[in-house]
Amino acid sequence: MAGNITTIITKINKACDDLDFVSARVLIETNLLKLSEAKQYRLLNSNGRVLIKQY
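Residue 200 in the numbering used here sits at position 21 of the sequence shown; the count goes up by one each step and never skips.
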């Protein structure tokens with residue numbers, strides 16, 4: 180499971196870097212519970228953190 184969430188975080192960060200916020204938001208919505216954990220939240224880039232705070 181840890182590898183899976185790491186892959187998701189990598190995809191979110193890449194989507195944010197590419198300014199593809201729609202894709203990033205979909206990934207965040209489907210994995211919100213796991214991404215809200217402190218150790219997972221730290222791995223998000225600043226744009227990803229802003230998107231997750233909107234929930």
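Glycine is no exception: its CB is placed at the ideal position from the N, C-alpha and C atoms.
Counting the other CB atoms within 10 Å of its CB gives A203 a total of 16 or more, which places it among the buried residues. Take N192, set aside five residues on each side of it, and the residues of its chain with a beta-carbon closer than 7 Å to its own are L223, N224 and G227, in chain order. In the structure shown, L212 adopts helical secondary structure according to DSSP, grouped into three states. Rounded to whole angstroms, the gap between the alpha carbons of T209 and T185 is 14 Å.
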